[in-house]
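*Asks:* Position one of the sequence shown corresponds to residue 2 (the numbering used here), numbered consecutively onward. Even glycine gets a Cβ: it sits at the ideal position worked out from N, Cα and C. Keep in mind the model is a prediction, meaning the values are calculated, not measured.
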Amino acid sequence: MEIIRDQYKQLLEDLLTEHNVRVTLRGVSMFPMLVKGDIVVVAPVAFDKLRKGDIVVFESDSLLIAHRLISKRNGHVLTRGDGNSRPDIPIPFDKIKGKVIKIENSRWKIAKLAIKLPGTMLAFTGPVTGPAFKLTGIAAYRLLSLFRRLSGKEK
């Protein structure tokens with residue numbers, strides 16, 4: 002899930018000075034736990050404090066991405082979006098900018114569980130649940146688009 006680009010530089014500066022920061026998410030890779038527009042709090046984190054199931058924020062191609070940690074080894078982490086079937090490529094720890102410590106605002110009640118046990122379990126079930134979540138997200142988006150067209154509220 003991408004973090005809005007105009008917040009990128011300020012987020013990096015704040016995290017580097019050991020402050021927690023509020024970030025607005027965009028994208029669908031963390032569906033259904035997190036969705037576009039959710040506001041999360043990100044805190045700096047040490048490699049030895051990371052745990053399987055944490056949602057980490059990392060730099061990739063000048064973007065910040067929030068995905069779930071599925072393993073760590075030899076100074077690298079392996080992550081996957083909850084709605085993805087495959088993990089990301091291994092990421093060196095120096096690309097990790099922090100971890101999500103709080104879901105501050107979300108349209109989904111389920112989002113609050115993203116950093117608790119139910120969300121953490123997705124680190125273990127992702128190969129099965131990821132494709133199911135992706136298909137559910139696509140179906141929900143298509144239904145919403147159809148509803149908007151029929152009601153004349155298409156954006």
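1. Fully enclosed by the segment 55 to 104, which alpha helix (DSSP H) runs are 4 residues long or longer?
2. I'd like to confirm the pairing. Which residues does DSSP put opposite ASN21 in its beta bridges?
3. Give me the residue from ARG23, ARG81 and THR130 with the minimum Cα distance to ALA44.
4. Taking DSSP's pairing of strands, which residues face ALA44 in a bridge?
5. Pairs of beta-carbons, one from the segment 62 to 71 and one from the segment 130 to 146, closer than 8 Å: are there three or more?
6. Would you check if the segment 145 to 152 and the segment 44 to 57 touch, i.e. whether three or more CB-CB distances between them fall below 8 Å?
7. Rounding to the nearest angstrom, what Cα-Cα distance links ILE139 and VAL57 in this structure?
8. By how many angstroms is the C-alpha of GLY82 removed from the C-alpha of MET31?
9. How about VAL41 and ILE104: do their beta carbons lie closer than 8 Å?
10. So, using beta-carbon positions, are ASP39 and ASN85 closer together than 8 Å?
11. Would you kindly check if the distance between the Cβ of THR80 and the Cβ of PHE59 is under 8 Å?
*Replies:* Answer, in terms of the structure:
1. none
2. To locate residue 21, count along the sequence shown from 1; it is residue 20. ASN21 is not bridged to any residue.
3. Taking the sequence shown and counting its residues from 1, the one referred to as residue 44 is at position 43. Among ARG23, ARG81 and THR130, the Cα nearest to that of ALA44 is on ARG23.
4. Position 43 of the sequence shown, counting from 1, holds the residue named residue 44. Looking at the DSSP assignment, ALA44 forms a beta bridge with LYS100.
5. no
6. no
7. Taking the sequence shown and counting its residues from 1, one reaches residue 139 at position 138. Taking the sequence shown and counting its residues from 1, one reaches residue 57 at position 56. Cα to Cα, ILE139 sits roughly 24 Å from VAL57.
8. Residue numbering aside, residue 31 sits at position 30 when the sequence shown is read from its first letter. Residue numbering aside, residue 82 sits at position 81 when the sequence shown is read from its first letter. In this structure, the straight-line span from the alpha carbon of MET31 to that of GLY82 is close to 5 Å.
9. Mapped onto the sequence shown, residue 41 falls at position 40. Mapped onto the sequence shown, residue 104 falls at position 103. Yes, Cβ-Cβ distance for VAL41 and ILE104 is below 8 Å.
10. Numbered from its first residue, the sequence shown carries residue 39 at position 38. Numbered from its first residue, the sequence shown carries residue 85 at position 84. Taking 8 Å as the Cβ cut-off, ASP39 and ASN85 do not qualify as a contacting pair.
11. Here residue 59 is taken as the residue at index 58 of the sequence shown, counted from 1. Here residue 80 is taken as the residue at index 79 of the sequence shown, counted from 1. Yes. Within cutoff.
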